[in-house]
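To get the working numbering, take the position in the sequence shown, counting from 1, and add 214.
For reference, the structure discussed in these notes is given below.
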Amino acid sequence: MKSAIAIIGAGPCGLTLARLLHRKNIPFTVYENEESAATLVSSGSLDIRKETGQLALQEAGLYNAFAQKARWEDDRVTFFDSYGELLHRATGEAEDGEDGLKTGGKPEIDRRSLRDILLESIPQNQIVWSHRLTKLSFDGVNSSPVLHFSNGNTVGGFSLVVGTDGAWSKVRAAITSTKPQYAGSTFIETRIQESSLLHKTLTDKIGHGIALFLAGPSRMIIQRQGDNSYRIYFGITAPEHFVGTSMDLNDTQATRDMLLSSFFKGWAEDLRDYIRNAENFRSWPLYQLPTESFGWNSVPGVTLAGDAAHLSLPNGEGVNLAMKDALELVTKIEENGLEHINKAVEEYERDMLKRGKYHIKAGEEMDRLMTHPEGAKAVVKAFAER
Ligand SMILES: Cc1cc2nc3c(=O)[nH]c(=O)nc-3n(C[C@H](O)[C@H](O)[C@H](O)COP(=O)(O)OP(=O)(O)OC[C@H]3O[C@@H](n4cnc5c(N)ncnc54)[C@H](O)[C@@H]3O)c2cc1C
Numbered sequence: 215m216k217s218a219i220a221i222i223g224a225g226p227c228g229l230t231l232a233r234l235l236h237r238k239n240i241p242f243t244v245y246e247n248e249e250s251a252a253t254l255v256s257s258g259s260l261d262i263r264k265e266t267g268q269l270a271l272q273e274a275g276l277y278n279a280f281a282q283k284a285r286w287e288d289d290r291v292t293f294f295d296s297y298g299e300l301l302h303r304a305t306g307e308a309e310d311g312e313d314g315l316k317t318g319g320k321p322e323i324d325r326r327s328l329r330d331i332l333l334e335s336i337p338q339n340q341i342v343w344s345h346r347l348t349k350l351s352f353d354g355v356n357s358s359p360v361l362h363f364s365n366g367n368t369v370g371g372f373s374l375v376v377g378t379d380g381a382w383s384k385v386r387a388a389i390t391s392t393k394p395q396y397a398g399s400t401f402i403e404t405r406i407q408e409s410s411l412l413h414k415t416l417t418d419k420i421g422h423g424i425a426l427f428l429a430g431p432s433r434m435i436i437q438r439q440g441d442n443s444y445r446i447y448f449g450i451t452a453p454e455h456f457v458g459t460s461m462d463l464n465d466t467q468a469t470r471d472m473l474l475s476s477f478f479k480g481w482a483e484d485l486r487d488y489i490r491n492a493e494n495f496r497s498w499p500l501y502q503l504p505t506e507s508f509g510w511n512s513v514p515g516v517t518l519a520g521d522a523a524h525l526s527l528p529n530g531e532g533v534n535l536a537m538k539d540a541l542e543l544v545t546k547i548e549e550n551g552l553e554h555i556n557k558a559v560e561e562y563e564r565d566m567l568k569r570g571k572y573h574i575k576a577g578e579e580m581d582r583l584m585t586h587p588e589g590a591k592a593v594v595k596a597f598a599e600r
């Protein structure tokens, strides 16, 4: 059967959308840049929330699989200052559901586990790997969308193309001229494995969940992963191309020295030990879509979801909203029917754009708090005033 819907990108948003369409017997094809499931980005841990991510998984018929893999014990956030003094700890509020499975709260799951649950739930012949979209154009005869891939393939004839191709979406240009803007911060990531001598100090100090050490422009975010290792993000305030021009992450010792002598100077020595032992650095420069120019008029045959639609600074909601978008879009398509798909998209976008703008602003507010000159004290105060 010819696919009605093309999904560009097999991230959490695209795969949730694919699963939900599969459940409704609506034909689709996913086109993904990566060669296979093995090379899909799958690092890090994500907290999955009740009204968004958990709801989408329920509607996808995957909640049981999720609840069994989720780390409910990691639903915990702790704030410290740069001297390592504990200022505040909040533990999750999951409940026991009627069926014996936990529900609610913000349980963590490894991105890889979530990917596997979603991937295994859709027919593999409906995912086309090694297809990087370079451009979306419109057929001159009936104005339907045409996909152009870097391998030279061109495919058309879809009722709808959904761009779930993340921050640097190629579908987005068919709808809006808005582009991601660098937000002034970069995360430099490392990992402390269970075999490291430092691991015990981390289990003693942090244990489960995520810990934020905040001190004005610099911060350390440490998060327990499913294999019991800890992922550390050294958050620095720096120009857009600082990493790559002024900091060479391949030179491990020079990177450590720069972090110690400038960004984390004056921090407690036990925290600086994490830098002294860090290796295999990776950088995440943080981008967002600008709020002032956010929004567009619906374009027939094309829409966006997830980060492609509303890329925000990390605020804990990114993957959750991405999955909620997928659920809302499928609900609208089912309500309106495939023959009125453009009306479905208009209705979906009306709510999604409101959610998206709110989400981007929430990311900005989170970033402002995380880099506040008063450090963790400002965040704890904001929590108390809620
Ligand atoms: C450091 C960091 C930490 C984060 N932590 C959290 C967290 O704890 N909780 C949370 O909710 N969110 C978190 N986020 C945000 C979260 O990762 C994203 O919001 C989420 O992954 C968005 O899902 P998505 O499917 O829309 O996009 P993505 O996950 O980016 O997936 C996009 C997919 O499209 C594919 N693709 C890209 N371009 C093309 C193309 N041209 N052609 C074909 N395929 C393409 C990619 O290979 C990928 O598979 C974090 C983000 C960062 C940077």
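For every residue, glycine included, the Cβ atom is placed at its ideal position computed from N, Cα and C.
None of the values given here were measured: they were computed from a predicted structure.
Spatial neighbours of residue 505 in its own chain (CB-CB distance under 8 Å, excluding positions within 5 residues in sequence) are listed in chain order as 571, 574, 575, 578. Just so you know, the alpha carbons of residue 397 and residue 336 end up roughly 36 Å apart. Counting other Cβ atoms within 10 Å of its Cβ, residue 479 stays below 16 and is therefore classed as exposed. Residue 372 and residue 283 have their alpha carbons spaced roughly 36 Å apart. A direct Cα-to-Cα measurement between residue 246 and residue 482 gives close to 44 Å. About 13 Å separates the CB atoms of residue 346 and residue 254; that is not less than 8 Å, and the two are not in contact. Checking the 8 Å criterion, the Cβ of residue 552 is out of range of every heavy atom belonging to ligand 1.
Between residue 492 and residue 404 a beta carbon distance of about 4 Å is seen, short of the 8 Å cut, so the two are scored as contacting. Sequence-distant Cβ neighbours of residue 363 in its own chain, meaning closer than 8 Å and more than five residues away, are 245, 345, 346, 347, 348, 369. At the C-beta level, residue 219 and residue 240 come within 9 Å of one another. Between the alpha carbons of residue 428 and residue 551 lies a distance of about 50 Å. Taking all protein chains shown into account, residue 432 has 16 or more neighbouring C-beta atoms within 10 Å of its C-beta and is therefore buried. In the three-state scheme derived from DSSP, where H, G and I count as helix and E and B as strand, residue 565 is classed as helix. Contact annotation: residue 419 and residue 487 have beta-carbon atoms that are not nearer than 9 Å. Distance from the Cα of residue 224 is smallest, within the candidate group 536, 273, 237, 546, for 536. The beta carbon of residue 290 lies closer than 6 Å to those of 305, 422, 423 in the same chain, with the five residues before and after it left out. For ligand 1, a non-hydrogen atom lies closer than 8 Å to the CB of residue 500.
Put simply, the backbone Cα of residue 445 is about 22 Å away from that of residue 381. For a cut-off of 8 Å, the C-beta gap from residue 270 to residue 538 is around 6 Å, short enough to register as a contact.
Between the alpha carbons of residue 526 and residue 385 lies a gap of roughly 18 Å. CA-CA distance, residue 559 to residue 390, rounds to 15 Å. Secondary structure at residue 282: helix, using DSSP grouped into helix, strand and coil. Judged by DSSP secondary structure, residue 300 falls within the beta strand (DSSP E) whose first and last residues are 300 to 305.
About 24 Å separates the Cβ atoms of residue 323 and residue 402, ruling out a contact at the 8 Å cut-off.
Around the Cβ of residue 277, a 10 Å sphere holds 16 or more other Cβ atoms; the residue is buried. Just so you know, the alpha carbons of residue 359 and residue 598 end up roughly 50 Å apart. Rounded to whole angstroms, the Cβ separation of residue 516 and residue 375 is 5 Å, and the two are in contact under 8 Å.
Shown here for residue 387: not one same chain residue has a beta carbon closer than 7 Å to its own, the five before and five after excluded. Buried is the label assigned to residue 533, since at least 16 other Cβ atoms lie within 10 Å of its Cβ. Counting along the chain, residue 325 sits inside the alpha helix (DSSP H) bounded by residues 325 to 333. Note that the C-beta distance between residue 522 and residue 231 is not below 9 Å. Closest option to residue 286, judged by alpha-carbon separation, among 581, 582, 259, 589: 259. Its chain contains 303, 425 as the residues whose beta carbon lies nearer than 6 Å to that of residue 292, once the 5 sequence neighbours on both sides are disregarded; these appear in chain order. DSSP assignment within the segment 401 to 425 yields the following whole alpha helix (DSSP H) runs of 4 residues or more, N-terminal first: 413 to 419. Look at the beta carbons and you see the segment 461 to 473 not touching the segment 508 to 515: under three pairs across the two are nearer than 8 Å.
Judged by DSSP secondary structure, residue 363 falls within the beta strand (DSSP E) whose first and last residues are 359 to 363.
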